[in-house]
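Chains as they are written, first to last, in the working numbering: chain U, 1 to 293; chain D, 294 to 586. As structure tokens, the structure follows; a few thoughts come after it.
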């Protein structure tokens, strides 16, 4: 026990996340290592810090911090959830920390929310060490440990909302969740008025990925729109999400009264933010426009 | 000459900017040190990097990078410039890199733009080493090296627009530019329909400063509103600006046609972004609300 305590305490330990190749990134002083494991799929690290609370990283890429995970999870989840007129059956692909599940279950219309996380060790670690896992035992929640890209193929016209809460395309098994085949399978697994959201990386440092994901989703769905949100501890702090649907418009079809009468606490999302998030700075508009020639 | 080249090249040198106390921040690999000087006021560092182009820092705080300085300068400058019906005389306080001056002079109505930068070494370094200084020799520009907080007191009802482009309150002489007396002097130096913008730090890591600056400006101006923009290399990537006026409303009084017919290239700002920037996430709304009790 004494040895374990000593292992957990490093007075001079720093975590470094590289943003672009090996040339820049974020450094965070570590107060205490809480959990670390090389799983079949990836390296999991959970550690306590001085300014961000508990940090959860996969393959050296920050997934959640206590300080700002709400920014990411609220924008990924509530945009599609409020656009669907009555979301009852929801599929979350990835998202093993549980933050997206927590936000989905704030909507009382939800009858079933399936969380399909490929790595059972992420679920186990989140359950033990991350506050985001608060709804893992909710009777409406079902946790599946399968490859999301394969799991979604089992369903046709089944879900009201699909949320793609993946890691980066280069980390762990994240790459499977950025292919056209996968997006097509998501399309087919949605009901006729289904909606989807996906995290699609930083338009500042990862603009190739943003463009790729957007174009692939657009080739599959009739309605596809990028939206943006602040996310402090992700590269550049400017994060893109892609909304897609079989017809629902992300602005026209928002019921603002439903948002303003929502009873659960929200720290980022509101009806005005929803609409403002779809307004893009010129440099983001330009990176999405098809190239000439 | 050979020695100078050797000094400038460090294959294993990293720049670190601390965001919050000493516990986290940004690291950037340095390709080449371009310029470095301890002036009467602050430490200036200019260096080339692999992903951000040239970086300009004061007291270890990043002021501009080639990659993203447009985000900051366009949002600081064009919001007040497009809100004023006919901006002819403009005062920029701070902003010695010249980026704000460049944006101000994109507006053809401008007859005179005074750049009041306290540190002549910043001006000299920017002129030699930073692209942002492109308009230093524009005949409409006048560069003054005085304390901005004192300089602005010389004027009554003189300016159409004042732009406060300061460093952090804790860096160099930045603290002078966050006081109530200073904001009052700015108010008095503006004409009857004058408008002002100020950079007011990150609502994620520096929320005390955001609240302080906002409340001080609000105690002086009839109209005061916070707006937000992405700024990749500033702490949290979520940057706040404060707009203030003697009556002009930041949303109602925007002439969108004037924005869409603007002939100069803009990489961030557009009329929709202008309006969207004033929409605040719940956590920012809450930090600005007066405390109860």
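Even for Gly, the Cβ is constructed at its ideal location relative to N, Cα and C. It should be emphasised that the depicted structure is a prediction, and the values quoted were computed from it without experimental measurement.
- Contact holds between the segment 243–258 of chain U and the segment 76–96 of chain U, because three or more Cβ pairs, one in each stretch, are under 8 Å apart.
- At the C-beta level, residue 337 of chain D and residue 349 of chain D come within 9 Å of one another.
- Per the C-alpha coordinates, the member of U:243, U:276, U:233 and U:257 positioned closest to residue 16 of chain U is U:233.
- Closer than 9 Å to the CB of residue 277 of chain U there is at least one CB belonging to chain D.
- Nearest Cα to residue 520 of chain D within the set D:560, D:509, D:494 and D:514: D:494.
- When C-alpha distances from residue 415 of chain D are compared across D:448, D:314, D:333 and D:502, the shortest belongs to D:333.
- Not a single CB atom of chain D sits nearer than 9 Å to the CB of residue 81 of chain U.
- By the neighbour-count criterion, in which a residue is buried when 16 or more other Cβ atoms sit within 10 angstroms of its Cβ, residue 556 of chain D is exposed.
- Secondary structure at residue 393 of chain D: helix, using DSSP grouped into helix, strand and coil.
- One Cα belongs to residue 138 of chain U, the other to residue 370 of chain D, and the distance between them is close to 49 Å.
- Our two residues, residue 60 of chain U and residue 490 of chain D, have alpha carbons roughly 39 Å apart in a direct line.
- Residue nearest to residue 367 of chain D within the set D:471, D:458 and D:549 is D:458 (criterion: CA-CA distance).
- Note that the C-beta distance between residue 284 of chain U and residue 210 of chain U is below 9 Å.
- Annotation: residue 282 of chain U to residue 23 of chain U spans about 26 Å, alpha carbon to alpha carbon.
- The C-beta distance from residue 392 of chain D to residue 429 of chain D rounds to 11 Å, too long to fall under 8 Å, and the pair is not in contact.
- Residue 236 of chain U places its beta carbon 9 Å or farther from that of residue 359 of chain D.
- In this structure, residue 561 of chain D lies away from residue 418 of chain D, with their beta-carbon atoms at least 9 Å apart.
- The way I'd put it, the segment 100–108 of chain U doesn't touch the segment 174–190 of chain U; fewer than three beta-carbon pairs between them come closer than 8 Å.
- Distance from the CA atom of residue 499 of chain D to the CA atom of residue 185 of chain U, rounded to whole angstroms, is 44 Å.
- Within the segment 492–509 of chain D, the residues whose Cβ lies closer than 7 Å to any Cβ of chain U are, in chain order, 497.
- With respect to the 9 Å criterion, residue 152 of chain U and residue 189 of chain U are classified as neighbours on the basis of their beta carbons.
- Take the alpha-carbon of residue 118 of chain U and the one of residue 230 of chain U: they are about 27 Å apart.
- CA-to-CA, the gap between residue 47 of chain U and residue 451 of chain D works out to about 55 Å.
- Secondary structure at residue 425 of chain D: helix, using DSSP grouped into helix, strand and coil.
- Separation of the CB atoms of residue 80 of chain U and residue 161 of chain U is rounded to 5 Å, and the pair is thereby assigned contact status at 8 Å.
- For the C-beta of residue 344 of chain D, the chain U residues within less than 9 Å are, from N- to C-terminus, 19, 20, 21, 23, 24 and 205.
- Taking all protein chains shown into account, residue 492 of chain D has 16 or more neighbouring C-beta atoms within 10 Å of its C-beta and is therefore buried.
- Taking 8 Å as the upper bound for CB-CB distance, residue 509 of chain D and residue 476 of chain D are in contact here, some 6 Å apart.
- It is roughly 26 Å from the alpha-carbon of residue 387 of chain D to the alpha-carbon of residue 344 of chain D.
- A residue is called buried once 16 or more other Cβ atoms fall within 10 Å of its Cβ, and residue 168 of chain U is buried on that count.
- Here residue 381 of chain D carries a coil assignment [DSSP, helix/strand/coil].
- With its beta carbon at least 9 Å from every one in chain D, residue 56 of chain U lies outside the interface.
- Beta-bridge annotation (DSSP): residue 195 of chain U is paired with U:161 and U:245.
- For the segment 221–253 of chain U, the set of residues with a beta-carbon nearer than 7 Å to any beta-carbon of chain D comprises 230, 232, 236, 237 and 238, in chain order.
- Here residue 317 of chain D carries a strand assignment [DSSP, helix/strand/coil].
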